[in-house]
Structure formats: structure tokens, C-alpha cells
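Just so you know, the protein sequences line up as chains A and B, in that order. Under this note's numbering, the letters of the first sequence match residues 1 to 231, in that order. Under this note's numbering, the letters of the second sequence match residues 1001 to 1231, in that order. Just so it is clear, CB atoms sit at the ideal spot from N, CA and C, and this is done for glycine as well.
2 protein chains.
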Amino acid sequence: MTKRNEQLTGDPAALVGWEPRRVAAVAPELPAGAAPPGTRGQILRTALGLFSEFGFHGTSIRLIASNVGINPATLYAHYSSKEQILADLVLLGHQELYDRLRRALGSADPSAPARLAALVRQHALIHTDYPLLAVVANSELHVLSAENAATALELRARCRGFLVDVLADGARSGEFRLVDLTLTAIAIGGLSMQIAHWFAPGNRYTPDQVADVYVRLALRMAGDTSHRKEN
Amino acid sequence: MTKRNEQLTGDPAALVGWEPRRVAAVAPELPAGAAPPGTRGQILRTALGLFSEFGFHGTSIRLIASNVGINPATLYAHYSSKEQILADLVLLGHQELYDRLRRALGSADPSAPARLAALVRQHALIHTDYPLLAVVANSELHVLSAENAATALELRARCRGFLVDVLADGARSGEFRLVDLTLTAIAIGGLSMQIAHWFAPGNRYTPDQVADVYVRLALRMAGDTSHRKEN
DNA sequence: GTCTATAGCGGGATAGAC
DNA sequence: GTCTATCCCGCTATAGAC
């Protein structure tokens, strides 16, 4: 039995989707340096775990406070409202994504396939590293007021711009054969987002393995002409 | 300017993601024959529209009732609880998906690429035809009790089985060159789900155009060896 | 089936002592 | 910063008349 055949006989149902949870049960972590210190950070991490599982409207101030181990009133010494906690999380998640993608483009080879691979790799890795943050940032953003969502939406637009630019460059140069620019960008942009819903440290894929697979899938979707055999 | 260049110069940001809505603003429709008649059906459709935009916990009984034009108490003559309304919607959405995929497989050519294309086409079309139902069935299922979610989860497992079987068959026969069975199945299975978040009738893609693109993307992801040039 | 009225509870947020 | 105590509101759901 080769490794390839092992993959073919593995049971996908064992990995994903059998349970009605929104995310795998992983510890709520925030990017190093991004989390505020002390109680404020503890509130943020606790809210992250609860929002990711029950949603913003399904999580009460009282529940957050009790999980932190403080009184509900104490929470308002650190955040002005429940929405402000979510706003901080959503912004933080989008900033981390934008920073990673920008750095990835900065250090990638200039060819379109190399830049696309770098973007997709980082997009996959942010979802394995911070799955709860990714779920909250993506699926609870819509409950924020327009003002609280504005900065995150601008960062998101820039990230989408990175992807569209790389795909368009590759199409012009002949490195890619796109089926359709807009829909391919949407599809590749959404590809890694599902990772947050099933990935957990210690399952049968490492983050790097997941990222490798997703990079190859994205290159196939873009119609990469440079390394077709390897894809 | 060729059509291909139009695609390349079209602005993707004009289509998707600039707004913090969960779904495009489309009328809340249910599959013909699946919706109950009279007030009961009206409640179901109204709840569908509200759940899709604000989520289950973000939607109150009072809001549903006022949008239907009835008293909140009247609602309980038709449904035993708010959760029961959601349970009906989630089940209905999963049944429609399962029925479509089963019919698609029944009428498809026996080759693996033809069956994969049929599955992906129907998966895409159900998201263009019933985007609100798809969003609710997918992203609010987790608030249901285990009993209320059980049937939908079983249907979902069968649908995933369809996809995994087709990919595994194609890999064995050499029609597909898979990067990884499990992750490809997850990726293709999630591919069309995003459609529900941006598609609206009357935008620049028809449902058939969307489905065509997604079928080609999926065949590329599977490493289809039979029609490589067309993909 | 639909209404009025309301029970009973839990929600977000605040006042003020320490 | 953290607590106790509480305000006030909106929530799901029910009782009972019509």
C-alpha cells in the first residue's frame, strides 16, 4: 500500500462534518502581540471561544464573565459594550490576515504562480493557526454596525485585491489559464475558509500538509501552466 | 475586446463582499411543493428571510410575526417553538439537496468526470435557486438540538458520500489524479456554498454560467485527465 | 385560528460602595 | 478594577376570550 492509497482509503467522514458544531474544539488563541494583557486579554480570548461556538447573539455577557471568572459588571471596566468585544476580535483577525498576505507577497518570487502559492499558503495557515478567530471574523462581522465593520471591510477588500491582481497578472502573462477571473478569485478566496471548521491540532494533517494541498488545488483552479505535472 | 478580456477587466469587488450582509437581498423562496400552504408557509418563508440575514438568535418571534402580519401568539398555532421553525427549514434544505444530487447521479453518464460534473452542477444550482435556504441550512444547523439536527446530518453524510465515492472511483480508474481524497472532497463540497453569499438573480452571471464555471473548477481540482484542454 | 394580555425569565448595561 | 445590587427592557411562550 502506497501512501497515495492510504489517502484513498481513509474515511473522510471521520474528519469532518458529522457533528453540528461550528468549529473544532480547540483552545481560543490570539496572535502573539495582538492580544491585550491581563483581564482585558482574558475577556477577549474567552469571548472568542464562545462567539465561535454559539455566535454573538447566542452568547451573553453573563456567560462570558462567568467563564472568565469575573462579575458581569467588571467587564464594562474593560469594554464599553458586548459589540465592542466583537469589533476588536473582527478587526484583529482581519489585520492578522492582511499582514500575513502582505508579508507573503513581499517575500515571494515575482512569478504569478509563486505569488498565488504564497497567498494561498498563508490563507490556509491562518485558518489552521487561528480557526476560531477566522470563524468569528468571517461569520459574525455582519452583526457589527457600519462604523465598527468599516476598517475590517477595507482590509478584506485589499486582501481580495491581492488575489485578483495575481490572477489577472498570471492570465495576461499566460502563466494561468483562467476559467473566469471573478469567480476563480471568489472560489480560491473561499477555499481555505472551510479549514477553520474541521482543522484541529493533532488530527491526521499537519498545518503544512493542509497548506500544501490547498496550494496545489488553487494552482489547478487557476490553470497553472508552469508546473502542470507537479500539480 | 474579447469576452475573455471583459472578464479580466471586470471589477470583482463590484460583485461580492463589499457589504457586511450575510446574503444578497433576494426574496425568500422555498422549493415548490416543499412549502406548507397558507399561514404556515408564510411563516416559514418569512423566518427564512430573517434567519438568513440576522441569524436564529438575532431574530425574535415578534419580528417574524410582525413581518408575516400576524400576532406573535398566532405563530404558536402553527409551530410549537421558534426552534421548530428552524428545524423545518434546515430539514427542508437538506432534503432538497439530497434529492437533487440523487437525481443528478441517476441521469448522469457513468464516467467519474460526468458524475462529478453532475454533482457539482446541482450543488451550484441549488445555491443560485435557494441561496437563503442554503445559508440557513448550513450556518444555523448548529443551534438545533441533537434530535432536531439528526436527520439533516444523515442526509448531509449521504451527500458527502456521493462526492467521495465519485472521486475515489475516478482515482482508481485513472480518470482523476487527486492531490488528496479527503481534502479534495472537502474543498469541492465547500466550493459552491459561497455562491449563496453573493449570487442574486439579474447580476452578471446566470445560474447556468455560474454552474458551468464551478463544474470546470471542480474538474480541475480533481485532476480530470479526460478533457484537460476544455477545462 | 387569531386575538389581547401577561407570565416569567434572561438579556445588556449602570450606580455606587470598596 | 472589582464587586453587589438593580434597572429596564425584550425575549419565548402560555392562558383564555372570541
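| Asked | Found |
| --- | --- |
| In chain B, which residues lie with their C-beta within 7 Å of the C-beta of residue 139 of chain A? | 1139 |
| Within 8 Å, do at least three Cβ pairs link the region 1033 to 1041 of chain B to the region 1139 to 1148 of chain B? | no |
| Any contact of the region 1119 to 1128 of chain B with the region 1057 to 1066 of chain B, i.e. 3+ C-beta pairs under 8 Å? | no |
| Taking its Cβ as the centre, do 16 or more other Cβ atoms sit within 10 Å of residue 110 of chain A, making it buried, or is it exposed? | exposed |
| Does the ligand SAH have a heavy atom nearer than 6 Å to the CB of residue 1043 of chain B? | No copy of the ligand SAH appears in this structure; indeed no ligand is present at all. |
| Check the Cβ of residue 1184 of chain B against every Cβ in chain A and list those closer than 9 Å, keeping chain order. | 213 and 217 |
| Indicate whether at least one CB of chain B lies closer than 7 Å to the CB of residue 191 of chain A. | yes |
| Does the distance from the CB of residue 94 of chain A to the CB of residue 44 of chain A come in under 7 Å? | no |
| Answer yes or no: do residue 1185 of chain B and residue 1213 of chain B have a C-beta to C-beta separation smaller than 7 Å? | no |
| According to the neighbour-count rule (16 or more other Cβ atoms, all chains shown, within 10 Å of its Cβ), is residue 1232 of chain B buried or exposed? | Residue 1232 of chain B lies beyond the residue range present for chain B, which begins at 1001 and ends at 1231; the question has no answer from this structure. |
| Just to make sure I have the definition right: I need the residues of chain B whose C-beta is within less than 8 Å of the C-beta of residue 210 of chain A. Which are they? | 1183 |
| May I ask you to report which of helix, strand or coil DSSP gives residue 1054 of chain B? | helix |
| For the putative contact between residue 1137 of chain B and residue 1127 of chain B, defined by C-beta atoms under 8 Å, what is the C-beta separation to the nearest angstrom? | Not confirmed; about 11 Å, so no contact. |
| Should residue 206 of chain A be labelled buried (16 or more other beta-carbon atoms within 10 Å of its own) or exposed? | exposed |
| For a test of the three-state rule: what should DSSP assign to residue 1071 of chain B, helix, strand or coil? | coil |
| When the cut-off is 7 Å and only beta carbons count, does residue 1224 of chain B lie next to chain A? | no |
| Give a yes or no on whether the minimum CB-CB distance between residue 1088 of chain B and chain A is below 7 Å. | no |
| Would you report the Cα separation of residue 26 of chain A and residue 100 of chain A, rounded to the nearest angstrom? | 22 Å |
| At the level of alpha carbons, what is the spacing between residue 1172 of chain B and residue 1179 of chain B? | 13 Å |
| Report buried or exposed for residue 1104 of chain B, applying the criterion of at least 16 other Cβ atoms within 10 angstroms of its Cβ. | buried |
| Taking the runs of the alpha helix (DSSP H) that are 4 residues or longer, which of them lie wholly in the region 1086 to 1140 of chain B? | 1112 to 1129 and 1131 to 1139 |
| To the nearest angstrom, report how far apart residue 1004 of chain B and residue 1175 of chain B are at their CA atoms. | Any answer about residue 1004 of chain B is weak, because its pLDDT of 37 lies below 50 and its placement is not dependable; what the coordinates show is given next. So the two alpha carbons sit approximately 28 Å from each other. |
| When we look at the beta-carbon of residue 148 of chain A and count the other beta-carbons within 10 Å, is it buried (16 or more) or exposed? | buried |
| Excluding the 5 residues flanking residue 168 of chain A on each side, which residues of the same chain have their C-beta closer than 7 Å to its C-beta? | 181 |
| Only counting the same chain, and skipping five residues up and downstream in sequence, which positions put a Cβ closer than 7 Å to that of residue 40 of chain A? | 78 |
| Measuring alpha carbon to alpha carbon, tell me which residue in A:116, A:153 and A:53 is nearest residue 92 of chain A. | A:153 |
| Quick one: is residue 992 of chain B buried, meaning 16 or more other Cβ sit within 10 Å of its Cβ, or exposed? | Because chain B is modelled from 1001 through 1231, residue 992 of chain B falls outside the range shown and cannot be assessed. |
| I believe residue 191 of chain A touches residue 218 of chain A by the beta-carbon criterion, under 8 Å. Please report the beta-carbon distance rounded to the nearest angstrom. | 6 Å |
| Would you identify the three-state DSSP class for residue 1190 of chain B, choosing helix, strand or coil? | helix |
| Rounded to the nearest angstrom, what separates residue 1108 of chain B and residue 1070 of chain B at their Cα positions? | 46 Å |
| Could you check the C-alpha separation between residue 64 of chain A and residue 183 of chain A for me, to the nearest Å? | 39 Å |
| For residue 55 of chain A, go through chain B and note every residue whose CB falls closer than 7 Å to its CB, in chain order. | 1055 and 1057 |
| Helix, strand or coil, according to DSSP, for residue 207 of chain A in the structure here? | helix |
| By how many angstroms is the C-alpha of residue 224 of chain A removed from the C-alpha of residue 1028 of chain B? | 39 Å |
| Does DSSP put residue 29 of chain A in a helix, in a strand, or in coil? | coil |
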